[in-house]
Amino acid sequence: MIEDSPFVAAAPVLVPMPAERPYTYAVPAGMRVVPGSIVRVPLGPRQVAGIVWDGAVETVDAKKLRPIEQVFDCPPIDHSMRRFVDWVAQYTLSAPGMVARMLLRAPEAFDPEPWIEGLQRTLIIPDRMTDARARVLETAEGGLAWTRSGLAHAAGVSSTVIEGLKARGVFETVMIPPRPVVAAPDPSYAVPELMPDQSDAASMLRANVAAGAFNVALLDGVTGSGKTEVYFEAVAAALDQGKQVLILLPEIALTHAFLERFQQRFGAKPGEWHSDLPPRMREKVWRQVAEGTVRVVAGARSALFLPFKELGLIVVDEEHDPAYKQEDRVFYNARDMAVVRGHIGGFPVVLASATPSVESRVNASQGKYNRAILSARFAEAALPQLKSIDMRRAPPARGGFLSPVLIDHMRKTLEKKEQSLLFLNRRGYAPLTLCRVCGHRFGCPVCSAWLVEHRFRGQLVCHHCGHNERRPEACPECGTLDHLVACGPGVERIAEEVVTHFPDARTIVLSSDLMGGVRRLRLELEAIADGEADIVIGTQLVAKGHNFPNMTLVGVVDADLGLANGDPRAAERTFQLLSQVTGRAGRTGKKSLGLLQTFQPDHPVMRAIVSGDAEAFYEREIAERERAALPPFGRLAGVIVSAVTRAEAEGHARGLRRAAPEASDLFVLGPAEAPLSLLGGRHRFRLLIQGERRADMQGFIRAMLANGPKQRGSVRVQVDIDPQSFL
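Counting from 99, one number per residue, gives the positions in the sequence shown under our numbering.
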């Protein structure tokens, strides 16, 4: 066992690799380690960072043990975080080392940040005084230490003035601790005036924080109801208690607008954590979160694995969003894991959404979650009027995709100098390109998917593996020139159609694959909010939390798109997405309209959205899930077997199926070829395991994997507990 003595013989260390258990290392005399210490250890020919873990060490000949090389000068990973890593590994059937790897993603942060050389005023007066020198001395009054560049900037002088004063002994060199990446937020900086229902919800959240125990609140409010301002009150309450706060956001694109709202409320920005953050800044944030300097973090799902020192609240904004599901290496849903993190740490969790997931709604109805409802928009702004356009009765012109009804409303919106949004959840120009002469279709050479034409870039792109090629002039099959035709619309094609109808309108296309990346995307969003665009055409990116004050018309180009697949969550996701995107209209109180182009106006999803009767939709969807024993009333897990050859993948999948243990409360479907049967050059087969809510899904799958064929050659097996994607 690890002791508090400086003379420990051995310690278990969890290393960031697919290890099922910690490895045992010798602790050199004079080295002190405790559970949670971050250490450097030899692993084969390499040196890697690991975490000293809990539990007894294996009985191993001491002579065979390799020693811990270094203990980093870093706050240890606390007990609740270590328990969380173990829990995630057990639940997702992942190697604990791979979960720990997500915790150790900033290796340069394990050592303290170096102190900075600065300057401090002495009692010496310069022999010659100039205006510039006088400004410097006035700025440096009070005995504070300054960096050279900071003092020069504050005093409005060049660095040579500073150097001249230092040479005359007016300043002495001192060492300054590293600056915080963000200033400390002030809970009382700009306390808002809340509407009565907002105030009631905020009181509930503040009471949950004050209780200092685990609980989950579902903040269920229509778009524009001010959910953010409400959960900011929970953030303020946690800060008043000296706790750190984590706010999870589904998309990086949301971060910039959110940071500004946070700063308006608390007088300072939160720390950021997402994939677009520069490596040096990631290291600073990681270290200062561990030390407790950063009090609030706003980040993507991976922020859940930051080593908080005093975490006391997690908020999951847009809790229904599929972006919270990670489907790489460790398969986990950050929303569900946030609830687990709160349970282990004994602190509250807030889930916020205008269209909560069915799972969260059921948990609230069963009393597991507290539910606060915001049924009206802030300042009594009206929700948009919603109508469906029956495309069988009002079809578009030949070669077009916009109904005359939608075009007419867009024209009226332009005349009023207001903005229109056209939504189509399909990137690029067209989802398929084929030859009119021979029928050749352009497919991905390593995936069973069609190449999507991106006309702005002149490329054909696979949206699954990233393969891209130039769009040719001639068909590669028959050689015929100028007979390639684009089939179906993407946002670029809709933009082309809009320009033909409204050539003088300022049009912007918003998509996640825009040239210029996240930076350009943020500039485009700011331009729309500032009224610098008349018509916006966008993918699901535009549905997420943006506030466009002058947006009064939303047109959904293909409302049926999400319903045309075998996903058991198809109806729920379509309802959520369409509700969110139509909610972009009329957020500042102007009369607004949402139009849904559909060939199925009588579909329950369309009727629920148009009528505004979300409760009826949830009741129907929950009843169907219960009848089919689907989550949250039953359990699902996917096992994906992939290999370089189809025979290898199929053979291994069938071997796993035969190895499945007998169980009365669980059964296996498949194996069957995955809908996306070839991905990145690997053939894929899926098994789906379904069972009762209380069934031991993890134990069943462990037994199946243990009794089944071993992974050999190119075979790879991935387990997805609670799958969100069925491709």
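Backbone N, C-alpha and C define an ideal beta-carbon position, used for all residues, glycine too.
Indicate the three-state DSSP secondary structure (helix, strand or coil) for Asn468 in the structure shown. strand
Please state whether the Cβ-Cβ distance between Leu754 and Val742 is less than 8 angstroms. no
Between the CA atoms of Ala207 and Ala593 - distance to the nearest angstrom: 46 angstroms
Other residues of its chain near Pro165: CB distance less than 6 angstroms, five sequence neighbours each side excluded: Ala124, Pro126
Beta-carbon gap between Val634 and Gln517 smaller than 8 angstroms: yes
According to the neighbour-count rule (16 or more other Cβ atoms, all chains shown, within 10 Å of its Cβ), is Glu101 buried or exposed? Here Glu101 scores only 44 on pLDDT, less than 50, and its place in the model should not be relied on; the value that follows carries that caveat. It counts as exposed.
On a Cα-Cα basis, can you pick out the residue from Glu722, Val328, Val395, Ser610 that is closest to Ser451? Val328
Mind the definition here: the region 405-418 touches the region 437-453 only if three or more C-beta pairs lie below 8 angstroms; say whether that holds. yes
Where do the N-terminal and C-terminal ends of the alpha helix (DSSP H) with Asp295 fall, by residue? 294-309
Please classify Leu621: is it buried, with 16 or more other beta-carbons within 10 angstroms of its beta-carbon, or exposed? exposed
Name, in chain order, the residues that DSSP records as bridge partners for Cys585. Leu530
Roughly how many whole angstroms lie between the Cα atoms of Glu239 and Ala232? 11 angstroms
Boundaries of the beta strand (DSSP E) in which Ala315 is found, first to last residue: 314-319
Alpha carbon to alpha carbon, how far is Ala727 from Arg792? Give it in angstroms, no decimals. 12 angstroms
Thr672 lies in the beta strand (DSSP E); which residues open and close that run? First-last for Thr672: 668-680, but that is the alpha helix (DSSP H), not the beta strand (DSSP E).
When the Cα atoms are used, what is the spatial distance from Glu331 to Ser297? 9 angstroms
When every heavy atom of the ligand NAD is checked, does at least one fall within less than 7 angstroms of the C-beta of Val387? As for the ligand NAD, it is missing from this structure, which has no ligand bound.
How is Leu825 classed by DSSP in three states: helix, strand or coil? coil
Please work out which residues of its chain come closer than 8 angstroms, Cβ to Cβ, to Gly556, disregarding the five sequence neighbours upstream and downstream, and give them in chain order. Arg568, Arg569
Can you tell me whether Met99 is buried or exposed? The criterion is at least 16 other CB atoms within 10 Å of its CB, across all chains shown. Confidence at Met99 is low in this model, with a pLDDT of 43, below 50, so the placement of that residue is unreliable and no value is reported for it.
Hey, how far is the Cα of Ser103 from the Cα of Gly128? The predicted position of Ser103 is uncertain, since its pLDDT is 39 and thus under 50; a value taken from the coordinates is nonetheless stated next. So the two alpha carbons sit approximately 9 angstroms from each other.
Tell me whether Ser247 sits in a helix, a strand or coil according to DSSP, three-state version. helix
DSSP three-state label for Met99, please. Only weak support exists for where Met99 lies, its pLDDT of 43 falling under 50; the coordinates are left without a value.
Residue(s) in a DSSP beta bridge with Lys485: Leu693
Is it buried or exposed, Gly564, if we count other Cβ atoms within 10 angstroms and call 16 or more buried? exposed
Based on the DSSP output, what are the partners of His552 in its beta bridges? Gln557
With a CB to CB cut of under 7 angstroms and the five nearest residues on each side skipped, what residues in its chain are close to His354? Arg620
Less than 8 angstroms between the CB atoms is what I'm expecting for Ser609 and Gly636, so what's the real figure, rounded? 7 angstroms
Skipping 5 residues on each side, what residues in its chain have a beta carbon closer than 7 angstroms to that of Arg399? Leu346, Tyr422, Gln424, Ala432
Figure out for me which residue from Leu519, Thr391, Cys536 has the closest Cα to the Cα of Glu211. Thr391
Counting Cβ pairs closer than 8 angstroms, one from the region 209-227 and one from the region 259-275, do we hit at least three? yes
Cα-Cα, which of Pro729, Asp794, Val280, Leu163 is closest to Ala761? Asp794
If you draw a straight line from the alpha carbon of Pro493 to that of Val654, how long is it in whole angstroms? 14 angstroms
Have a look at Glu630 and Arg604 and give me their C-alpha separation to the nearest angstrom. 8 angstroms
Leaving aside the five residues before and after Pro862 along the sequence, list all residues of the same chain whose C-beta is less than 6 angstroms from its C-beta, in chain order. Here the chain covers residues 99 to 825 and nothing more, so residue 862 does not appear.
What residue from Lys382, Leu201, Pro601 has the CA that sits closest to Arg181's CA? Leu201
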